[in-house]
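Chains as they are written, first to last, in UniProt numbering: chain A, 1 to 360; chain B, 1 to 320; chain C, 1 to 259. The C-beta atom is built at its ideal place from N, Cα and C for all residues, glycine as well. Remember, it's a predicted structure, so these values are computed and weren't measured experimentally.
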Amino acid sequence: MPVTTSSERGPDLHTPLSGVPLTHGQLPRYAAQFTLLAAIAAGIALTLAGWNPAASAIIAGAGYVVVIYAWSRTVEGPRKARDRLVTAVVTGAFLLALLPLVSVIVTVVGNGIARFDVEFFTYSMRGVVGEGGGAYHAIMGTLVVTGLAALISVPIGILTAIYLVEYGRGRLAKAITFFVDVMTGIPSIVAGLFAYALFALVFGPGVRMGIMGAIALSVLMIPVVVRSAEEMLKLVPNELREAAYALAVPKWRTIVKVVLPTALAGIATGVTLAIARVIGETAPLLITLGITSSVNLNPVDGRMATLPVYAYYQYVTPGVPPEPALERAWTAALTLIIIVMALNLIARLISRLFAPKTRG
Amino acid sequence: MRKGSTVLPSTERTRSRRAPQRPGDRVFSGLSTGAGVLILVVLAGVAAFLVAEAWPALIAPADEVPGPDGIVLYIWPLLFGTLLAAFLALLIAAPLAVAIALFITHYAPRRIAQALGYIIDLLAAIPSIIYGLWGIQVLAPLTVEPAGWLEENLGFIPLFAGPASTTGRTMLVAALVLAVMILPIVSAVVREAFRQTPRLHEEASLALGATRWEMIRMAVLPFGRSSIIGASMLGLGRALGETMAVAIVLSVSGGVTFNLISSGNPGTIAANIALEFPESTGIAVNTLIASGLVLFAVTLLVNMAARAVINRRREFSGAN
Amino acid sequence: MAKRIEVKDLDIYYDKFLAVQGVSMTIQPRSVTALIGPSGCGKSTFLRTLNRMHELVPGARVDGKVFMDDEDLYGPGVDPVSVRRQIGMVFQRPNPFPTMSIYENVAAGIRLNGGRMKKSELDDVVERSLRSANLWAEVKDRLNRPGSGLSGGQQQRLCIARAIAVQPGVLLMDEPCSALDPISTQAIEDLMLELKTDYTIVIVTHNMQQAARVSDVTGFFNLRGVGQPGELVEIDETTKIFSTPSNKATEDYISGRFG
Chain A
1 MPVTTSSERG PDLHTPLSGV PLTHGQLPRY AAQFTLLAAI AAGIALTLAG WNPAASAIIA
61 GAGYVVVIYA WSRTVEGPRK ARDRLVTAVV TGAFLLALLP LVSVIVTVVG NGIARFDVEF
121 FTYSMRGVVG EGGGAYHAIM GTLVVTGLAA LISVPIGILT AIYLVEYGRG RLAKAITFFV
181 DVMTGIPSIV AGLFAYALFA LVFGPGVRMG IMGAIALSVL MIPVVVRSAE EMLKLVPNEL
241 REAAYALAVP KWRTIVKVVL PTALAGIATG VTLAIARVIG ETAPLLITLG ITSSVNLNPV
301 DGRMATLPVY AYYQYVTPGV PPEPALERAW TAALTLIIIV MALNLIARLI SRLFAPKTRG
Chain B
1 MRKGSTVLPS TERTRSRRAP QRPGDRVFSG LSTGAGVLIL VVLAGVAAFL VAEAWPALIA
61 PADEVPGPDG IVLYIWPLLF GTLLAAFLAL LIAAPLAVAI ALFITHYAPR RIAQALGYII
121 DLLAAIPSII YGLWGIQVLA PLTVEPAGWL EENLGFIPLF AGPASTTGRT MLVAALVLAV
181 MILPIVSAVV REAFRQTPRL HEEASLALGA TRWEMIRMAV LPFGRSSIIG ASMLGLGRAL
241 GETMAVAIVL SVSGGVTFNL ISSGNPGTIA ANIALEFPES TGIAVNTLIA SGLVLFAVTL
301 LVNMAARAVI NRRREFSGAN
Chain C
1 MAKRIEVKDL DIYYDKFLAV QGVSMTIQPR SVTALIGPSG CGKSTFLRTL NRMHELVPGA
61 RVDGKVFMDD EDLYGPGVDP VSVRRQIGMV FQRPNPFPTM SIYENVAAGI RLNGGRMKKS
121 ELDDVVERSL RSANLWAEVK DRLNRPGSGL SGGQQQRLCI ARAIAVQPGV LLMDEPCSAL
181 DPISTQAIED LMLELKTDYT IVIVTHNMQQ AARVSDVTGF FNLRGVGQPG ELVEIDETTK
241 IFSTPSNKAT EDYISGRFG
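This is the structure in structure tokens:
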């Protein structure tokens, strides 16, 4: 194709393109930072002038976006301007989202710290009216129920994932994949109703037991475990399996000795996160376990207290005077957050410490 | 995605046809297949037991069911409230979640990106009861003043007809709390997809002279599109079934209304169950289970619709 | 429209690590320049500095000058985006956008420009680019199918079509055949010989026969030792490099006696 064709073809893109200079207008180096400072200053000024702080922040943010876009558009052209616009909007969205999240933590810590004492962790609510009392029974209940749920879910979940990745084919595998997806969408309250309905058919209406809660939580937990384990197993390179087959290792030993160890850290991380996800569930436990004020560690013997349900009841039925119960509710919430964060941290550590070196 | 996993079994099939299966293999594949089938059984069980326990309410005469006019008119406002709150929440959360995911994967300095992702992950794990407590304690009072402003200035829009609630326990606040709750979940999934955008595709667009935003539009967003849908599905499902936060925050009067800022709101199915179940007996329990069945069906439909969308996109997001 | 590239005393860094040291060379327009050398000697790194893709790696930077005709690519106020617009690149593995059709892949670069082109004009450009990439006959009936459905060699030619659709001054190729079979490789090599009448082509290759077949000028990169920066040992007419190189290291490498 001779070079001249481009100019013969008339006003297509080549003519402008070859003429595009490498340099064009650029905003000064600190233009964005400067504009941002100006916007913040304007926001503070508005607040001092008596505006609502939230409104001033919104106006300052919008002002920044408009100014940087208009400025860039006149100096740098529309493409660069749009790039800057998106940068500003994306960053803004992130900061906006952090606000409620930081606020949650501050609120929970601020309200919960008052009763974060030894008594809270060593006493139950047995015979407590008004001040004092604790959540020992609820914490133990949560551990028992969640532990049971994990015992049920982890083997089923991992085996299912193995089936899907290593054996699954045809309609059964498709159906399982599909319904695991569906299961991730089951509302937690429905899982609770399921456990209740199951046991109500056997034991009659009004039944409340620890094991019911564990089953409800398992329904929520199994799909999470399957999904994460499946992802991790898929990440194991096929070359590893083939290498094992080439050494005449049977398939099941390949899975147990090669595939699972390679994916183990990832699976452990997924399981820990799944536990963290269900340990704070309130709704299914509310209808399967109810609440009680004394210690009950037997999962097949009637009502059992759990931390989230405890927090809920302390908050909605505080009694008179309400303050001690509200404080206990917030402390329970704080404890819950700490447990969840600790689990997440553990998950993070597992994946960092035990991940196979190949993934860097 | 599926490609990698189908290649292996097919080679395996040819192998096993030639040689007899070892006992170990048979046990192991039987166990894992059994686990998979068990999941199907459980799911069928969920539906079956819910239907079994809901049945008495469905066939009961209208005057025995709670509420004045029979079970349909008992559940309908709840269903309406559920859908309204969930879609409103998704509307708020989805764009924000995508923006957050983009920020973490493509805008934040790499050194702190991982930490930011970690923070978002932690927040995804905060139990819903805590969001509920936060909603009523912090967010609801904050909205009282703006809601009044909305009523005064935008009252002609049915959404803001008022009268503005003085406690802030409105549909708007419920949706905001739900949005905050599903935000981290949606953005975590989307972020994972964005992070996996093949470097090759990003470089291809950059080498064509794309700005960062253009690169994102050409390579990152198309690659992550099905994940965005999937994540929104997750978020919607969670918002539909979210119980405790709504139960704590929303002040319910039962009417069907689009008014977002008054204190007379329709309840949601899940929250209604949580509020009523502990005190209910007899046919009232069956009615609540029937409403749970409706919720189950709705979330099922949402999930299946989303899967259909994702599967249709698969052709273009395939191998490479 | 083919441009000349002149590199002066270029040092390439990853953070504090000096990866390539003191490269100076002139790349002539309408010719194929091949860069050869052992793995890890910085050929690809060097190639990526020519269209400023190198700096996408966090902490990566360069010292020195690169001129395209008379413009300094690293001069103040130069927008890397504009640089990449004028210097096309083809990667080691074919990377068509999987979510776009064949047509959209070729049009991608033009669409970026935001030029409001008529459909018929765009059709022309797409056809011309695909013809130049020797791919038109194979794909003209399925332009709306996804590009990822093509074979590896076809995908790579699609990527070349995508790169030349915006009529760049220079075309960089980073081991474009290393993931392809011999027949596809042959097709790409033939294509290079055709394209060099219009473009300045720089190709990094591991394959010395390929360098000998397609290039007019060959540059040899080498490492002095482990942990040492890579450097350009010599650059000359391809015939001379492969017959009578002036440097002992080059001769050893060419004849298969490494280090």
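Can you pull the chain A neighbours of V138/B, defined as C-beta to C-beta under 7 Å?
In the second sequence, the residue the question calls residue 138/B occupies position 138. Per Cβ cutoff of 7 Å: S103, T107.
Confirm, please, whether the CB-CB distance from E237/C to F220/C is below 8 Å.
Indexing the third sequence from 1 puts residue 220/C at position 220. Indexing the third sequence from 1 puts residue 237/C at position 237. Taking 8 Å as the Cβ cut-off, F220/C and E237/C do not qualify as a contacting pair.
Looking at the C-beta of H106/B, does it have a partner C-beta in chain C at a distance below 8 Å?
The sequence position of residue 106/B within the second sequence is 106, counting from 1. No, its Cβ sits nowhere closer than 8 Å to a Cβ of chain C.
Who does T33/C pair with in a DSSP beta bridge?
Position 33 of the third sequence, counted from the first residue, corresponds to residue 33/C. Beta-bridge pairing links T33/C to V202/C, V217/C.
Which residue wins for smallest C-alpha separation from K140/C, given the options G152/C, S148/C, V126/C?
By 1-based counting over the third sequence, the position of residue 140/C is 140. From the listed residues G152/C, S148/C, V126/C, the smallest Cα separation to K140/C is found for V126/C.
Going by DSSP in three states, F258/B sits in which element: helix, strand or coil?
Locating residue 258/B in the second sequence gives position 258, counting from the first residue. F258/B falls in the coil class under three-state DSSP.
For the segment 183–198 of chain B against the segment 154–166 of chain B, do three or more pairs of beta-carbon atoms, one drawn from each stretch, fall closer than 8 Å, so that the two count as touching?
no
Got a sec, what are the start and stop residues for the beta strand (DSSP E) Q137/B sits in?
Residue 137/B sits at position 137 when you count from the first residue of the second sequence. Unbroken run through Q137/B: none, as it is neither H nor E.
Does the pairing of the segment 304–316 of chain A with the segment 139–147 of chain A give three or more beta-carbon distances under 8 Å?
The segment 304–316 of chain A is in contact with the segment 139–147 of chain A.
Using 8 Å as the limit for Cβ to Cβ distance, is L43/B near chain A?
Within the second sequence, the letter at position 43 stands for residue 43/B. Yes, contact with chain A.
Nearest CA to the CA of R213/C: which residue from N222/C, P229/C, L195/C, D190/C?
Start at 1 with the first residue of the third sequence, and residue 213/C comes out as number 213. Here the closest residue by C-alpha is D190/C.
Can you find a CB in chain B that lies within less than 8 Å of the CB of R85/C?
Within the third sequence, the letter at position 85 stands for residue 85/C. It does: the Cβ of R85/C has a partner Cβ on chain B nearer than 8 Å.
Can you give me the C-alpha to C-alpha distance between L73/C and G170/A, rounded to a whole angstrom?
Here residue 73/C corresponds to residue number 73 of the third sequence, with the count starting at 1. Here residue 170/A corresponds to residue number 170 of the first sequence, with the count starting at 1. The alpha-carbon atoms of L73/C and G170/A are separated by roughly 56 Å.
Cβ neighbours of M25/C in the same chain (closer than 7 Å, five flanking residues each side left out)
Within the third sequence, the letter at position 25 stands for residue 25/C. Hits under 7 Å: V7, G219, L232, I235.
The beta strand (DSSP E) that contains W28/B, what's its start and end?
If you number the second sequence from 1, residue 28/B lands on position 28. Rather than Trp, the amino acid found at residue 28/B in this sequence is Phe. No beta strand (DSSP E) holds F28/B; the alpha helix (DSSP H) holding it covers 23–59.
Interface residues of chain C around V223/B at Cβ under 7 Å?
Position 223 of the second sequence holds residue 223/B. Here residue 223/B is Phe; the residue named in the question, Val, does not match the sequence. Per Cβ cutoff of 7 Å: T99.
Outcome for R18/B when other beta-carbon atoms lying within 10 angstroms are tallied against a minimum of 16:
The residue given as residue 18/B occupies position 18 in the second sequence. Any reading at R18/B must be qualified, since the residue scores a pLDDT of 46, below 50, and its modelled position is unreliable; the value itself is stated next. With fewer than 16 neighbouring CB atoms inside 10 Å of its own CB, R18/B falls in the exposed class.
Is it right to say Y196/A is buried, meaning 16 or more other beta carbons lie within 10 angstroms of its own, or is it exposed?
For the purposes of this step, residue 196/A is taken as residue 196 along the first sequence, with counting starting at 1. Result: buried.
DSSP on R123/A, reduced to helix/strand/coil?
As a position in the first sequence, residue 123/A is number 123, starting the count at 1. Residue 123/A is actually Tyr in this sequence, not Arg. The answer is coil: DSSP assigns Y123/A none of H, G, I, E or B.
Express the C-alpha separation of V302/B and L240/B in angstroms, rounding to a whole number.
Within the second sequence, numbered from 1, the residue matching residue 240/B stands at position 240. Within the second sequence, numbered from 1, the residue matching residue 302/B stands at position 302. Computed Cα separation, rounded: 10 Å.
Restricting to Cα atoms, I'd like to know which of S294/A, G319/A, L297/A, G290/A is closest to V309/A.
Sequence index remark: in the first sequence, residue 309/A carries index 309 (1-based). Comparing Cα positions, the closest option is G290/A.
Flag this pair as touching only if the segment 257–274 of chain A and the segment 343–355 of chain A have three or more C-beta atom pairs under 8 Å; answer yes or no.
yes
Should the segment 226–235 of chain A be regarded as contacting the segment 324–339 of chain A, the criterion being three or more beta carbon pairs within less than 8 Å?
These segments do not touch.
Note the first and the last residue of the continuous alpha helix (DSSP H) segment covering E239/A.
As a working mapping, residue 239/A is identified with position 239 in the first sequence. Start and end: 238–246.
Roughly how many angstroms lie between the CA atoms of F203/A and V108/A, to the nearest whole one?
As a working note, residue 203/A is residue 203 in the first sequence. As a working note, residue 108/A is residue 108 in the first sequence. About 39 Å.
Could you tell me if L17/A is buried or exposed, where buried requires 16 or more neighbouring beta carbons within 10 angstroms of its beta carbon?
In the first sequence, residue 17/A corresponds to position 17, counting from 1. Annotation note: pLDDT 47 at L17/A (below 50); position unreliable, coordinate value reported separately. That one is buried.
Rounded separation between N344/A and M221/A - CA only
To locate residue 344/A, count along the first sequence from 1; it is residue 344. To locate residue 221/A, count along the first sequence from 1; it is residue 221. Between N344/A and M221/A, the C-alpha separation is close to 16 Å.
Quick one: measure Cβ to Cβ for V166/C and L208/B, integer angstroms, because I've assumed they're closer than 8 Å.
Residue numbering aside, residue 166/C sits at position 166 when the third sequence is read from its first letter. Residue numbering aside, residue 208/B sits at position 208 when the second sequence is read from its first letter. Between V166/C and L208/B a beta carbon distance of about 7 Å is seen, short of the 8 Å cut, so the two are scored as contacting.
Contacts of T211/B in chain A (Cβ-Cβ under 7 Å):
On the second sequence, position 211 is the one that residue 211/B refers to. Within chain A, the residues near T211/B are R79, K80, D83.
Show which residues of chain A have a CB atom less than 7 Å away from the CB atom of N303/B.
The sequence position of residue 303/B within the second sequence is 303, counting from 1. Neighbours of N303/B on chain A, chain order: D181, V182, G185.
Chain B residues whose Cβ lies nearer than 7 Å to that of L112/C:
To locate residue 112/C, count along the third sequence from 1; it is residue 112. What L112/C touches in chain B: L208, G209, A210, E214.
Can you pull out the residues from the segment 216–235 of chain A whose beta carbon lies closer than 7 Å to at least one beta carbon of chain B?
Going along the segment 216–235 of chain A in chain order, one finds V219, I222, K234 with a Cβ nearer than 7 Å to chain B.
Over what stretch of residues does the alpha helix (DSSP H) that includes I85/B continue unbroken?
Locating residue 85/B in the second sequence gives position 85, counting from the first residue. According to the sequence shown, residue 85/B is Ala rather than Ile. Element bounds for A85/B: 70–102.
Closest by CA to A47/B, which one among A305/B, I289/B, M304/B?
Within the second sequence, the letter at position 47 stands for residue 47/B. Ranking A305/B, I289/B, M304/B by Cα distance to A47/B puts I289/B first.
Does the beta-carbon distance from I346/A to A150/A come in below 8 Å?
As a first step, residue 346/A must be located in the first sequence, where it is residue number 346. As a first step, residue 150/A must be located in the first sequence, where it is residue number 150. Cβ atoms of I346/A and A150/A: not closer than 8 Å.
Leaving out five residues on either side along the sequence, give the residues of the same chain with a beta carbon under 6 Å from the beta carbon of N111/A.
Residue 111/A sits at position 111 when you count from the first residue of the first sequence. Excluding sequence neighbours, N111/A sits near W330.
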